[in-house]
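Encoded as structure tokens, the structure appears first; notes follow it.
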Amino acid sequence: MFQNAIEKLDCCRNRFIFSLFFINGIFKSENRSDFRDYYNASIRFTQENNLYNLDQIEVILAKLRSGEIKIEEIFTPKVFLQLKDMMEGVGSYIYPPTFAFLLIPISLFPYGIASAIFLTLNFLALLGSLYILSIRFHRKGNLLFIIALCILNLKFLENHQNNNQVSLILIFLILTSVHTNKNWLSGFYFLSQS
């Protein structure tokens, strides 16, 4: 009876800690992050534009050649801010087109909602990765093992949450491809990373 109560308390504490981590991420989902680059690339994909937004470089070079923007005025506030706005997102998307294609359903939402959905997917990938690791290391249900993994990777998790990156999804797909006993399924998970 006493052991049962301790297990329930551990479970509640574990859920509370992960809930705080998730809620903290949701509050940061509107912030400027790497997800904005993924989101914008996905929108450009649906509009059949250059995913990598490199055409902006040609526009800037054309303005420099035509004299519309003068080299000596580049660092004046007006021209600098104009160039800064034009360069937003240029070359910042560095992933294959497949990734932009896979994010099309999320890009149908406004940025804040899409970012929260992506963060939720990342959070679920983190939980899935921790679960797979606990099985692989024969520590299923061991709270200390999971906490130790999180503490050892705290800086990575914090950075990932602040930047809303794709890393946790990739880690989950890699672990899933290694963990599964079916070759075809392992290949599917592995190929879905590219």
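Numbering follows my numbering, in which position 127 of the sequence shown is assigned residue number 143; successive positions increment by one, without gaps.
Every residue, glycine too, gets a C-beta built ideally from N, C-alpha and C.
Treat the numbers as computed from the prediction; the structure is a model and nothing was measured.
Practice prompt. Please determine, among SER49, SER150, TYR127, the residue with the shortest C-alpha to C-alpha distance to THR192.
Written response: That would be SER150, whose Cα lies nearest to the Cα of THR192.
Practice prompt. Tell me, to the nearest whole angstrom, how far the beta carbon of LEU124 is from that of TYR54; I am working on the premise that it is less than 8 angstroms.
Written response: That belief does not hold up - the Cβ atoms of LEU124 and TYR54 are roughly 14 angstroms apart, past 8 angstroms.
Discussion item. Once the 5 residues before and after PHE2 are set aside, which same chain residues still bring their CB inside 8 angstroms of it?
Written reply: Residue 2 is absent from the structure shown; the chain starts at 17 and stops at 210.
Discussion item. I need the boundaries of the alpha helix (DSSP H) containing THR114, first residue and last residue.
Written reply: Note, THR114: alpha helix (DSSP H), 113-118.
Practice prompt. Leaving out five residues on either side along the sequence, give the residues of the same chain with a beta carbon under 7 angstroms from the beta carbon of ALA130.
Written response: The beta carbon of ALA130 is closer than 7 angstroms to those of TYR55, ILE122, SER123 in its chain, skipping five residues each way along the sequence.
Discussion item. Could you check whether the Cβ of ILE76 sits closer than 9 angstroms to any Cβ belonging to chain B?
Written reply: Structure shown: chain B not included; a single protein chain is present.
Item to complete: Compare the Cα-Cα distances from LEU140 to each of GLY83, LEU184, LEU80, GLU89 and report the closest residue.
Response: Here the closest residue by C-alpha is LEU184.
Worksheet item: For the region 124-200, which segments carrying the alpha helix (DSSP H) assignment without a break, of at least 4 residues, lie completely within its bounds, in sequence order?
Response: Taking only runs of at least 4 residues, the alpha helix (DSSP H) segments lying wholly in the region 124-200 are 127-152, 159-168, 170-179, 183-195.
Discussion item. Using only CA atoms, which one of PHE161, ASN178, LEU146, VAL75 lies nearest to LEU135?
Written reply: Of the listed residues, the one whose Cα sits closest to LEU135 is ASN178.
Worksheet entry | DSSP-derived helix/strand/coil call for ILE85 | Coil at ILE85, not helix or strand.
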